[in-house]
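Enquirer: Okay, handing you the structure first.
Below is the structure:
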């Protein structure tokens, strides 16, 4: 069975927009780069031609990657909205029980995860530990650096 990519409808729209840009504007830009490099003559010693062909290969690789994601995308539904439990698409505020520090995270699918933006995948150790919990519950995250205890302070949904 093919891998499913859990994404929000917003991420789906972003990927479709990127795919359209790559297939139109960017593809034309690279074709122009290749044509210009060809005009320089001997292709065997033409670094501009090699660079343009490498860009074209990267472009086609990214197009294939996006098409694969889109063909196997599963749009995240707000299945836990009525229950107030943590699920995909939720924003949660958690407290580290050791330090008392509170942090806000958004629980996303793996395609949208970006820890630097506090977007954590439901497949991460943190995501697996918190999904299904509700405000007031404590949970233990088992991570490569060790285990730590957290408490869910709030669970909200955007949209």
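Numbering (this note's numbering), first residue to last: -15 to 143. Just so it is clear, CB atoms sit at the ideal spot from N, CA and C, and this is done for glycine as well. What you are looking at is a predicted structure, and each value in this text was computed from that prediction instead of being measured.
(1) For residue -10, which residues does DSSP report across the bridge?
(2) Under 8 Å, do residue 53 and residue -1 count as touching if we go by C-beta distance?
(3) I'd like to confirm the pairing. Which residues does DSSP put opposite residue 82 in its beta bridges?
(4) Just to confirm before moving on: does the CB-CB distance between residue 106 and residue 116 stay below 8 Å?
(5) Check this for me: beta carbons of residue -8 and residue 71, under 8 Å apart or not?
(6) Considering residue 127, what are the terminal residues of the beta strand (DSSP E) in which it resides?
(7) Kindly indicate which residue of -3, 136, 14, 109 has the alpha-carbon position closest to the one of residue 129.
(8) Where does residue 137 sit, in a helix, a strand or coil, going by DSSP?
(9) Please list, in chain order, all residues of the same chain as residue 40 whose beta carbon is under 7 Å from its beta carbon, the five residues on each side excluded.
(10) Skipping 5 residues on each side, what residues in its chain have a beta carbon closer than 8 Å to that of residue 4?
Expert: Straight from the coordinates:
(1) Sequence index remark: in the chain shown, residue -10 carries index 6 (1-based). Paired residues: 58.
(2) Stepping through the chain shown from its first residue, residue 53 is reached at position 69. Stepping through the chain shown from its first residue, residue -1 is reached at position 15. Their beta carbons are under 8 Å apart, which means residue 53 touches residue -1 by this criterion.
(3) Locating residue 82 in the chain shown gives position 98, where the first residue counts as 1. Its beta-bridge partners do not exist; DSSP assigns none.
(4) By one-based count along the chain shown, residue 106 stands at place 122. By one-based count along the chain shown, residue 116 stands at place 132. Result no, Cβ atoms of residue 106 and residue 116 do not sit closer than 8 Å.
(5) On the chain shown, residue -8 is found 8 positions in, with the first residue counted as 1. On the chain shown, residue 71 is found 87 positions in, with the first residue counted as 1. Cβ distance not < 8 Å, so residue -8 and residue 71 don't count as in contact.
(6) For the purposes of this step, residue 127 is taken as the residue at position 143 of the chain shown. Here the beta strand (DSSP E) through residue 127 covers 122 to 127.
(7) Here the question's residue 129 lines up with position 145 in the chain shown. For residue 129, the nearest C-alpha among the options comes from 109.
(8) For this step, residue 137 is matched to residue 153 along the chain shown. In this structure, residue 137 counts as strand in the three-state DSSP scheme.
(9) As a working note, residue 40 is residue 56 in the chain shown. 14, 18, listed in sequence order.
(10) Position 20 of the chain shown, counted from the start, is the residue given in the question as residue 4. The answer is none, since no qualifying residue turns up.
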